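> Under this note's numbering, residues 996 to 1199 are what the sequence shown spells out, in order.
Glycine residues also receive a C-beta, built at the ideal position from the N, C-alpha and C atoms.
Note that this is a predicted model, so its numbers are computed, not measured.
Dumping the structure here so I can ask a few things about it.
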Amino acid sequence: MSSPIAVIDFETTGISPGQGARATEVAIVLLESGQIVDRFQSLMRTGVWIPSFITQLTGISNAMVAEAPAAEEVMGEAARFVGAAPMVAHNAAFDRKFWEAELGHAGLPAPQPFACTVLLSRRLYPEASSHKLGSIVDHLGLPRAGRAHRALADAEMAASLLARMQQDLQRRWGIAQPGHGLLSELQRCPKGNIATMLARQAQA
């Protein structure tokens, strides 16, 4: 059985925690042997105002987060849920920044390595016209889950995409255990070297 991977998605008040943006919602799904085995989701209260255009995009309002648990409490639960599992996100550079920043606000470390399904999909499915989450999910014929731009729906779609990638690495490339370490190496591999790298992995 493969080790679990935690697939995460944040909804936020803006683009960067370095510019004062905070998370409004977090969702994490645990993927093991290609199957979702557990889920965590919560709105979170930070005291930062949600702009109207963000509410229009996500459906998350200031009134909703006013009734939510404090961000520090939510992030403590999220950290316990993830445990030692490595992490994956679609556009991981974004989610990793918020994972580290929100755990930092809670006084907690963020040691988990991240892999990115955007970078991976560009290498495994270069023929796709777009590598946005909804577009690549549609390209591969995977089901959409709930409303886009809500954390749990997006995390579940990213997990479904990751499971498909692992399945394709097994079936098309003969890699028995395409775990997080391989994914991290693959996302850094120059596109022209992908076939050589995967063939080497299959023989290892």
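If we count the other Cβ atoms within 10 Å of its Cβ and call it buried at 16 or more, is Ser1200 buried or exposed?
Summary: the structure shown does not reach residue 1200, with the chain confined to residues 996 through 1199, and so no result is reported for it.
> Could you spell out where the alpha helix (DSSP H) holding Ile1189 opens and where it closes?
One-based indexing of the sequence shown puts residue 1189 at position 194. It spans 1189 to 1198 - the alpha helix (DSSP H) in which Ile1189 sits, taken as one unbroken run.
> Within 10 angstroms of the Cβ of Thr1007, are there 16 or more other Cβ atoms? Answer buried if so, exposed if not.
Indexing the sequence shown from 1 puts residue 1007 at position 12. Classification for Thr1007: buried.
> If I'm right that Val1069 touches Val1021 with Cβ under 8 Å, what's the distance once you round it to whole angstroms?
Within the sequence shown, the letter at position 74 stands for residue 1069. Within the sequence shown, the letter at position 26 stands for residue 1021. At roughly 6 Å, the Cβ-Cβ gap stays under 8 Å, so Val1069 and Val1021 are in contact.
> With a cut-off of 8 Å, do at least 3 Cβ pairs link the segment 1107 to 1117 to the segment 1079 to 1099?
Because the criterion of three Cβ pairs below 8 Å is met, the segment 1107 to 1117 and the segment 1079 to 1099 touch.
> Give every residue of the same chain whose Cβ lies closer than 7 Å to the Cβ of Glu1097, excluding the five residues on either side of it in the sequence, and list them in chain order.
Translated into the one-based positions of the sequence shown, residue 1097 becomes position 102. So the qualifying residues of the chain are Ala1018, Ala1066, Met1070.
> Starting from the C-beta of Phe1048, find all residues in its chain whose C-beta is less than 8 Å away, skip the five residues before and the five after it, and write them out in chain order.
Position 53 of the sequence shown holds residue 1048. Nothing listed; no residue qualifies.
> Could you name the residues of the same chain whose beta carbon sits closer than 7 Å to that of Pro1173, not counting the 5 residues immediately before and after it, in chain order?
Along the sequence shown, one-based indexing puts residue 1173 at 178. Closer than 7 Å at Cβ, skipping near neighbours: Gln1161, Leu1164, Gln1165.
> Run the proximity test for Glu1006: is its beta-carbon closer than 7 Å to any non-hydrogen atom belonging to the ligand GTP?
In terms of ligand content, the structure shown is empty, and the ligand GTP therefore cannot be addressed.
> Give the secondary structure of Ile1045 by DSSP, where H, G and I count as helix, E and B as strand, and everything else as coil.
As a first step, residue 1045 is located in the sequence shown; it is residue number 50 there, counting from the start. Three-state DSSP puts Ile1045 in coil, outside helix and strand.
> What span of residues does the beta strand (DSSP E) with Met1082 cover, start to end?
Locating residue 1082 in the sequence shown gives position 87, where the first residue counts as 1. Counting along the chain, the beta strand (DSSP E) containing Met1082 begins and ends at 1082 to 1084.
> With a cut-off of 8 Å on the beta carbons, I'd call Ala1001 and Ile1023 a contact; round off their distance for me.
Translated into the one-based positions of the sequence shown, residue 1001 becomes position 6. Translated into the one-based positions of the sequence shown, residue 1023 becomes position 28. Yes, they are in contact, since the Cβ atoms of Ala1001 and Ile1023 sit about 5 Å apart, within 8 Å.
> Can you give me the Cβ contacts of Met996 inside the same chain, cut-off strictly under 6 Å, excluding the 5 residues immediately before and after it?
Residue numbering aside, residue 996 sits at position 1 when the sequence shown is read from its first letter. Any reading at Met996 must be qualified, since the residue scores a pLDDT of 47, below 50, and its modelled position is unreliable; no value is offered.
> Can you find a C-beta in chain C that's less than 8 Å from the C-beta of Trp1044?
In the displayed structure, chain C is absent; only one protein chain is listed.
> Hey, Pro1168 and Leu1193 are a contact pair by Cβ (cut 8 Å); roughly how many whole angstroms apart?
Residue 1168 sits at position 173 when you count from the first residue of the sequence shown. Residue 1193 sits at position 198 when you count from the first residue of the sequence shown. This sequence places Trp at residue 1168; Pro is not what is there. The pair is a contact, with the Cβ atoms about 4 Å apart (cut-off 8 Å).
> Buried or exposed for Glu1180, going by 16 or more other Cβ atoms inside 10 Å?
Counting from 1 along the sequence shown, the entry for residue 1180 is found at position 185. The residue is exposed, with fewer than 16 neighbouring Cβ atoms inside 10 Å.
> What would DSSP say about Thr1112, mapped onto helix, strand or coil?
In the sequence shown, residue 1112 corresponds to position 117, counting from 1. Helix at Thr1112.
> How should Trp1044 be labelled, buried or exposed, when 16 other C-beta atoms within 10 angstroms of its C-beta is the threshold for buried?
As a first step, residue 1044 must be located in the sequence shown, where it is residue number 49. So Trp1044 counts as exposed.
> Once you ignore the five residues that flank Arg1159 on each side, which residues in its own chain have a CB closer than 8 Å to its CB?
The sequence position of residue 1159 within the sequence shown is 164, counting from 1. Closer than 8 Å at the Cβ level, and outside the excluded window around Arg1159, lie Leu1135, Leu1137.
> Between the Cα of Gly1176 and the Cα atoms of Gln1107, Gly1042, Glu1072, which residue gives the shortest distance?
For this step, residue 1176 is matched to residue 181 along the sequence shown. Cα-wise, what sits closest to Gly1176 is Gln1107.
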